[in-house]
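Sequential numbering of the sequence shown, starting at 25, is according to the working numbering.
Glycine is no exception: its CB is placed at the ideal position from the N, C-alpha and C atoms.
Just so we're clear, the structure is a prediction, and the values are computed from it rather than from any experiment.
Note sheet for the following structure.
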Amino acid sequence: MNAPAATSARPGTTASRTADPSRGQNSSRSAPATKRTVTSLPLPPAGPQWYGSLMGTGIAATLTQTLGGDLPGARGLAVVLLVVGWCVFVGLTAAFGLRIVRRPAVLADTIRDLPVLATWGMVSMGVLSLGSATTTVVPAHWPALASAAWAVDGVLWTVGTVLGVLTALGFAARLIGRDVGLPSTTWGLPIVPPMVSATTGAALVPHLATREGQLLLVITTVACFFLALVLGLVVFAVAYHHHWRVAPLPLAASTSAWIPLGVVGQSTAAAQAIAVQAQRFVLPEDTATLVHVANVYGIVILSCGAPLIVWATVMTVRGFREGMPYSPGWWALTFPIGTVCLGLHELKGGTGVRAFGAASDAVCLVLLCTWTLCTVATVRAVRACVFSTEEAAAERAPRAAS
Numbered sequence: 025m026n027a028p029a030a031t032s033a034r035p036g037t038t039a040s041r042t043a044d045p046s047r048g049q050n051s052s053r054s055a056p057a058t059k060r061t062v063t064s065l066p067l068p069p070a071g072p073q074w075y076g077s078l079m080g081t082g083i084a085a086t087l088t089q090t091l092g093g094d095l096p097g098a099r100g101l102a103v104v105l106l107v108v109g110w111c112v113f114v115g116l117t118a119a120f121g122l123r124i125v126r127r128p129a130v131l132a133d134t135i136r137d138l139p140v141l142a143t144w145g146m147v148s149m150g151v152l153s154l155g156s157a158t159t160t161v162v163p164a165h166w167p168a169l170a171s172a173a174w175a176v177d178g179v180l181w182t183v184g185t186v187l188g189v190l191t192a193l194g195f196a197a198r199l200i201g202r203d204v205g206l207p208s209t210t211w212g213l214p215i216v217p218p219m220v221s222a223t224t225g226a227a228l229v230p231h232l233a234t235r236e237g238q239l240l241l242v243i244t245t246v247a248c249f250f251l252a253l254v255l256g257l258v259v260f261a262v263a264y265h266h267h268w269r270v271a272p273l274p275l276a277a278s279t280s281a282w283i284p285l286g287v288v289g290q291s292t293a294a295a296q297a298i299a300v301q302a303q304r305f306v307l308p309e310d311t312a313t314l315v316h317v318a319n320v321y322g323i324v325i326l327s328c329g330a331p332l333i334v335w336a337t338v339m340t341v342r343g344f345r346e347g348m349p350y351s352p353g354w355w356a357l358t359f360p361i362g363t364v365c366l367g368l369h370e371l372k373g374g375t376g377v378r379a380f381g382a383a384s385d386a387v388c389l390v391l392l393c394t395w396t397l398c399t400v401a402t403v404r405a406v407r408a409c410v411f412s413t414e415e416a417a418a419e420r421a422p423r424a425a426s
């Protein structure tokens, strides 16, 4: 789910300039024969671009546990996904930290390069997603560890929210009055995190000891909600206008068509979660109004998102049909779909309409399929990269000796 233009490529992977969206929008019009020869874009080293895998794994763990009653074996799978998520988090963070220790300029490079700066939003959402998965899965299987799980989530939520808000505001500031290149759906990556903070933060409200703290957290979640919604409407309107009216979505960025759905699904869930927690601070006769507003918002935003889902599906099918090269951006097929699933599930709880629940179950199955696809593709691409690097080193060794 990363920005398509990646700096710092690893050696030994096959790539074609015609399939690289950083070469310009006309890349999607290359001859089909050229596209089909591409197997992978140069893989970026450990860094923000890879945290889409953490996002997808975290939300998959949350949803399989939440919907476990409707999907056989899902709750056991949720535990596996949570373990995988923590391994991904620790591994990516350690590897990225090691890169920074070896060359401190790496961190500054990820901030100066606008496409890579956008991917810091995935770090925020990955951390938030992992925290939410921890509090969903651990208490259900090990009740004695519930307090520890919520404490961990509190830390992860704080880190993820601070990082997400700073990334959203910083990226928005970079877009003002500067030549930042052509609009792209990947511009939404740093915009969505505050909406994730709104949803996950609402879940933390009952676990705060003081009423003042609970009120402050509710206000914070509302602020995050509107920050992401306002910025998202502007950024995605510009991106959609560009891709629909000016130039098509580049082939290698086909999966990024799903990114805007993150706001659609996540805001639906956030509205429901905030409405429930805000009832603590309103008159009893006003609680029904809060629920009604959240329900209407969810129905409207999901209805608006339906044609966007169709477009994203068409772009994805086009990408695979025409030989879309692998990149970490494939993970955009997971988290946004998961947010739609979560939004439908929460809307079922708010409205009582069973059709939303059935749709949520169906979307969860789609998520598990796309997560499996991305996992297999990632393992194969990384393995090919490692093998090609070792072969290149082996070829250089005799030459150096001679």
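Buried versus exposed call for residue i [16 or more other C-beta atoms within 10 Å across all chains shown]
i, result
"D203", "exposed"
"L141", "buried"
"A302", "buried"
"E370", "buried"
"L241", "buried"
"W268", "exposed"
"P96", "exposed"
"A98", "buried"
"L307", "exposed"
"L392", "buried"
"P360", "buried"
"S327", "exposed"
"I243", "exposed"
"G121", "exposed"
"C365", "buried"
"L169", "exposed"
Proximity to residue i [Cα-Cα], best of the options
i, options, result
"G82", "D385, P128 and V162", "V162"
"V390", "T363, A379, V377 and A401", "T363"
"V107", "G155, V147, D133 and Q73", "G155"
"P274", "F344, C111 and V254", "F344"
"G194", "L206, S208 and I215", "I215"
"L255", "T223, T224, T209 and Q238", "T209"
"L87", "T160, P139, P96 and M149", "T160"
"A263", "E309, L206 and A293", "L206"
"G100", "C111, A85, E346 and F113", "A85"
"P139", "T158, W211, L180 and A129", "W211"
"P352", "L116, G289, V229 and C111", "L116"
"A318", "G121, T337, V334 and G374", "G374"
"V220", "D385, I200, V186 and A330", "V186"
Rounded straight-line distance, which links the Cα of residue j to that of residue i
i, j, result
"A408", "A102", "29 angstroms"
"G92", "R123", "39 angstroms"
"Y350", "I298", "38 angstroms"
"A132", "I283", "25 angstroms"
"F250", "S171", "30 angstroms"
"H265", "E309", "43 angstroms"
"C248", "A222", "6 angstroms"
"S77", "R136", "23 angstroms"
"P167", "G225", "21 angstroms"
"T311", "V104", "38 angstroms"
"S291", "T340", "23 angstroms"
"V176", "A276", "37 angstroms"
"T182", "H316", "30 angstroms"
"F411", "L67", "13 angstroms"
"S384", "R198", "37 angstroms"
"V125", "A119", "10 angstroms"
Any non-hydrogen atom of the ligand NAD within 6 angstroms of residue i CB
i, result
"Y321", "Of ligands this structure carries none, so the ligand NAD is not represented either."
Rounded Cβ spacing between residue i and residue j (contact assumed at less than 8 angstroms)
i, j, result
"T394", "T358", "5 angstroms"
"V147", "P72", "5 angstroms"
"A281", "G367", "Their Cβ separation, rounded to whole angstroms, is 18 angstroms, which puts A281 and G367 out of contact at 8 angstroms."
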